[in-house]
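*Asks:* For reference, the structure I am asking about is given below.
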Amino acid sequence: MLYIFDLGNVIVDIDFNRVLGTWSDFTRVPLATLTQKFAMSDVFHQHERGELSDEAFAAAFSQEMGLPLSYEQFAHGWQAVFVALRPEVIAIMHKLREQGHRVVVLSNTNNLHTTFWPDEYPEVRAAADHMYLSQEMGMRKPEVRIYQKVLDAEGFSAEETVFFDDNADNIAGANQLGITSILVTGKDVIPGYFAKQLC
Numbered sequence: 007m008l009y010i011f012d013l014g015n016v017i018v019d020i021d022f023n024r025v026l027g028t029w030s031d032f033t034r035v036p037l038a039t040l041t042q043k044f045a046m047s048d049v050f051h052q053h054e055r056g057e058l059s060d061e062a063f064a065a066a067f068s069q070e071m072g073l074p075l076s077y078e079q080f081a082h083g084w085q086a087v088f089v090a091l092r093p094e095v096i097a098i099m100h101k102l103r104e105q106g107h108r109v110v111v112l113s114n115t116n117n118l119h120t121t122f123w124p125d126e127y128p129e130v131r132a133a134a135d136h137m138y139l140s141q142e143m144g145m146r147k148p149e150v151r152i153y154q155k156v157l158d159a160e161g162f163s164a165e166e167t168v169f170f171d172d173n174a175d176n177i178a179g180a181n182q183l184g185i186t187s188i189l190v191t192g193k194d195v196i197p198g199y200f201a202k203q204l205c
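If you want it as structure tokens, here you go:
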């Protein structure tokens with residue numbers, strides 16, 4: 007079997023409120039104002055596909071948010087999104103590989119984040135056979151072609167694949183190909199799914 011894991015809020019807890027809080031501290035713009043303005047806009051999506059440099063993204067996103075941030079301040083806040091590893095998921099990924107399954111990560115991420123989390127959480131790469139990152143692939147979830155690309159690269163059919171993600175749109179995209187897709191709504195979902203399979 008092929009098991010595909012998302013990164014944020016699946017393997018690693020993330021919280022964009024931490025990003026906004028850091029930017030608020032730097033600029034004195036009220037957190038409530040930033041929360042209202044924050045949206046994953048076209049600029050956000052372009053950055054995740056690798057179509058914008060980190061500097062261009064920081065400038066454009068700061069302008070959208072009305073934030074007078076230096077690039078260094080923007081980047082510092084952007085990295086604050088990462089909270090903590092989910093060790094129970096890392097353990098499951100290792101066990102799946104020990105049983106002969108293929109385990110990969112498919113993440114909508116961006117170059118700026120990948121200058122941080124691989125060093126902060128080396129356990130992620132150690133638990134995966136391969137990392138599929140949106141900014142390297144030039145596409146992002148929930149585009150159906152990104153799931154097809156992973157299936158083709160790994161040599162598995164949709165029927166032989168299970169996908170875990172915390173975003174309902176991403177689940178819907180994978181479902182279009184017939185991939186068994188599990189919406190991760192909390193930390194107990196993945197351990198619960200494997201409670202019987204990995205006995």
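Sequence positions in the sequence shown follow this note's numbering and run 7 to 205.
The beta carbon of each residue, even a glycine, is placed where N, CA and C say it ideally should be.
Compare the C-alpha of residue 129 against each of 96, 86, 11, 166 and name the closest.
*Replies:* The residue labelled residue 129 in the question sits at position 123 within the sequence shown. The candidate whose alpha carbon is nearest that of residue 129 is 96.
*Asks:* Does residue 174 pass the burial test, meaning 16 or more other C-beta atoms within 10 Å, or should it be called exposed?
*Replies:* Looking up residue 174 in the sequence shown gives position 168. Exposed, since its Cβ has fewer than 16 Cβ neighbours within 10 Å.
*Asks:* Could you tell me if residue 171 is buried or exposed, where buried requires 16 or more neighbouring beta carbons within 10 angstroms of its beta carbon?
*Replies:* Indexing the sequence shown from 1 puts residue 171 at position 165. Under this definition residue 171 is a buried residue.
*Asks:* In chain order, what residues of the same chain lie with their CB nearer than 6 Å to the CB of residue 109, ignoring the 5 residues before and after it?
*Replies:* Along the sequence shown, read from residue 1 onward, the residue named residue 109 stands at position 103. Closer than 6 Å at Cβ, skipping near neighbours: 9, 99, 102, 103, 134, 135.
*Asks:* Output needed for residue 86: all residues of its chain with C-beta closer than 8 Å, excluding positions within five of it in sequence on either side, in chain order.
*Replies:* Indexing the sequence shown from 1 puts residue 86 at position 80. Around residue 86: 24, 25, 27, 28.
*Asks:* Could you tell me the alpha carbon to alpha carbon distance between residue 17 and residue 118, rounded to whole angstroms?
*Replies:* As a position in the sequence shown, residue 17 is number 11, starting the count at 1. As a position in the sequence shown, residue 118 is number 112, starting the count at 1. Computed Cα separation, rounded: 19 Å.
*Asks:* Could you compute how far the alpha carbon of residue 92 sits from the alpha carbon of residue 200?
*Replies:* For the purposes of this step, residue 92 is taken as the residue at position 86 of the sequence shown. For the purposes of this step, residue 200 is taken as the residue at position 194 of the sequence shown. Roughly 15 Å between the two C-alpha positions.
*Asks:* Which of helix, strand or coil does DSSP assign to residue 90?
*Replies:* Translated into positions along the sequence shown, residue 90 becomes position 84. Strand at residue 90.
*Asks:* Pull the bridge partners of residue 109 from the DSSP assignment, please.
*Replies:* For the purposes of this step, residue 109 is identified with residue 103 of the sequence shown, where counting begins at 1. The partner list for residue 109 (beta bridge, DSSP) reads 9.
*Asks:* Closer than 8 Å is the cut-off here; do at least three beta carbon pairs connect the stretch 152 to 160 with the stretch 50 to 59?
*Replies:* Contact between the stretch 152 to 160 and the stretch 50 to 59 is absent, because fewer than three Cβ pairs lie under 8 Å.
*Asks:* Would the stretch 32 to 50 and the stretch 184 to 193 be scored as touching if the rule is three or more Cβ pairs under 8 Å?
*Replies:* No: the two stretches stay apart, fewer than three of their Cβ pairs being nearer than 8 Å.
*Asks:* Taking the alpha helix (DSSP H) that residue 157 belongs to, which residues open and close that run?
*Replies:* Start at 1 with the first residue of the sequence shown, and residue 157 comes out as number 151. Unbroken alpha helix (DSSP H) run through residue 157: 150 to 160.
*Asks:* Under the three-state reduction of DSSP, which class applies to residue 211: helix, strand or coil?
*Replies:* For residue 211 there is no data in the structure shown, the boundaries of the chain being 7 and 205.
*Asks:* With C-beta atoms as the reference, is residue 89 less than 8 Å away from residue 177?
*Replies:* Within the sequence shown, numbered from 1, the residue matching residue 89 stands at position 83. Within the sequence shown, numbered from 1, the residue matching residue 177 stands at position 171. For residue 89 and residue 177, no; Cβs fall outside 8 Å.
*Asks:* Residue 199 lies in the beta strand (DSSP E); which residues open and close that run?
*Replies:* Numbered from its first residue, the sequence shown carries residue 199 at position 193. First-last for residue 199: 195 to 203, but that is the alpha helix (DSSP H), not the beta strand (DSSP E).
*Asks:* Is it the case that the Cβ atoms of residue 12 and residue 112 are separated by a distance below 8 Å?
*Replies:* Position 6 of the sequence shown holds residue 12. Position 106 of the sequence shown holds residue 112. Cβ distance < 8 Å, so residue 12 and residue 112 count as in contact.
*Asks:* Which word fits residue 131, buried or exposed, when buried means at least 16 other C-beta atoms lie within 10 angstroms of its C-beta?
*Replies:* Sequence index remark: in the sequence shown, residue 131 carries index 125 (1-based). It is exposed - the Cβ of residue 131 has fewer than 16 other Cβ atoms within 10 Å.
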